[in-house]
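Just below is one structure, and these are the notes that go with it.
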Amino acid sequence: MASYSISAHAAVLPGKDTPVPATLTITNGKITAIAEGVDEGADVVVAEPKVLLPGLVDAHVHLNQPGRTTWEGFATGTAAAVAGGVTTIIDMPLNSIPPTTTLEGLAEKRAAALETGVKCDVGFWGGIVPGNADQLVPLLEQGVKGFKCFLINSGVDEFRHVEESDLVIACDALAAANTNALVLFHAELEKHAHEGAEPSHESPDAYSTFLASRPESLETDALALILSLARRYPTLRFHIVHLSAAEALPAIRAARSGADGGSPVANLTVETCFHYLTLRAEDIPANATQFKCCPPIRDETNRLAIVDAVLDGTIDFVVSDHSPCTPELKKGDFMSAWGGISGLGFGLPLLHTQLAGKVTLPRLVHLLATAQARQVGLDKTKGSIQVGGDADLVIFDPTTEYSLSEHDLFFKNKLSPYLGRKLVGRVERTILRGEAVYVADKGHMGVSGVLV
């Protein structure tokens, strides 16, 4: 690929609190130079109000291939990603069949991705399930970014949840191999809630019935176990996926500072999701199962506390947890329908709209790119505009106003709680290693991603 230049009147660069004028030289898909100021003679000029951002990272995505490609697949999922400026995704170990819990499962998933083709770069999480501790170090050696586990039923039979004893065996194996591995938790644990409780007689059509079935105590009980493991295994890293319960925040803050009486926990990170920052229980109509997810969307007071935790850094970054399914599985009531939100590619406009006046574009880039690239060990090449990094870039217009329609949905099944939502900010162009992979008025450009 020939060298070319792209110059922006406003670009988000590392260490800058506001977008600044900058000119990039791109050679063979890499950023080889960054100069201050605008060069109007550059090959590509990004004029205001548009802003040049690094390609975004989404470290929590379910693409479901192989095995459940009627739900989603590599082609459609990665198409949705690049349309939203996401140039790197990390695929969860479920709900594919087989799951990524063995070397064979990883090989099958990689083969499916290569055969199908991907429009953005794709990495993979492994999984911890009962009995697979001997697979964990080999999976790391084959490039998985870490390991997801469930402390409660996962919803699919082939990915069983773990008990504390399973986690001790797994962590012992990872620590003994000096891996510094990352262990991710679906942090709901039914330790105390509903013990001996009578079945609910409330209407399953009402969202409140489902919400009551997944109380905040499930997340706080899980947190207690996770903190004990983090202190027991200080050389490993631990991560809470999709935190929804504001009730867990004080314990996280106290553990990190040591204010809870234990040693300060420095090896714990936390994510939340777009839906916990932008949606609220009070607005969910009867049988609107496109809003169902686990843990659940909670009330406005809870939402505001989660927003504050993102703003003050208690929560490290924000992901989609894109977990799609077929329309048939979303039929029925809140207690029977599949739980999962479809939202891959909407994060930047959603948060730019919802958090207007509270966060800057550089802060959004940190939440949606830089912090996640660091989490999965890709920060030398991804997540920021840096010399030597991949030329993964986004041209974003922060002023465009529109209502999200099915035309904007590129994932396979056009179900999303965000349909009809008014947004401000649109991705105009996504560039992957120097080549345009998506252009708003032209669509996808046929550029391929790689496995990372």
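The opening residue of the sequence shown carries number 1 in the UniProt record's numbering; numbering runs sequentially from there. All C-beta atoms, glycine included, are put in the ideal place defined by N, C-alpha and C. Keep in mind the model is a prediction, meaning the values are calculated, not measured.
At a Cβ-Cβ threshold of 8 angstroms, residue 396 and residue 355 do not count as neighbours. Distance from the CA atom of residue 166 to the CA atom of residue 147, rounded to whole angstroms, is 13 angstroms. Per DSSP, the unbroken alpha helix (DSSP H) holding residue 74 starts and ends at 74-83.
Burial check for residue 327: the Cβ neighbour count within 10 Å stays below 16, so the residue is exposed. By the neighbour-count definition (other C-beta atoms within 10 Å, threshold 16), residue 129 is a buried residue. Taking one beta carbon from each stretch, the region 299-308 and the region 275-285 have 3 or more pairs nearer than 8 angstroms; the two touch. A direct Cα-Cα distance of roughly 13 angstroms separates residue 401 from residue 408. Here residue 269 is near residue 316, since their CB atoms are less than 8 angstroms apart. The beta-bridge partner set that DSSP reports for residue 120 is empty. In this model, residue 312 and residue 361 are separated by some 16 angstroms (Cα to Cα). The closest CA to that of residue 10, considering only 226, 260, 211 and 48, is found on 48. Note on geometry: alpha-carbon atoms of residue 445 and residue 277 lie some 32 angstroms from one another. DSSP places residue 150 in the uninterrupted beta strand (DSSP E) bounded by 147-150.
Listed as beta-bridge partners of residue 54 by DSSP are 393.
Residue burial annotation: residue 285 is exposed, with fewer than 16 other C-beta atoms found within 10 angstroms of its C-beta. At the C-beta level, residue 295 and residue 188 come within 8 angstroms of one another. Two segments are said to touch when three or more pairs of C-beta atoms, one from each, lie closer than 8 angstroms; by this definition the region 228-236 touches the region 166-178. When DSSP reads this structure, residue 426 sits in a beta bridge with 397. Put simply, the backbone Cα of residue 417 is about 28 angstroms away from that of residue 393. Annotated as proximal: residue 377 and residue 145, with beta-carbon spacing under 8 angstroms. When Cβ pairs closer than 8 angstroms are counted between the two stretches, the region 114-122 is seen not to touch the region 149-161, the count staying below three.
Separation of the CB atoms of residue 430 and residue 73 is rounded to 19 angstroms, and the pair is thereby denied contact status at 8 angstroms. For residue 13, the three-state secondary structure derived from DSSP is coil. In the same chain as residue 206, and ignoring 5 residues on each side of it, the C-beta atoms closer than 8 angstroms to its own belong to 286 and 334, in chain order. For residue 184, the enclosing beta strand (DSSP E) begins and ends at 182-186. DSSP lists no beta-bridge partner residue for residue 190. Straight across, the Cα-Cα distance linking residue 153 with residue 162 is about 9 angstroms.
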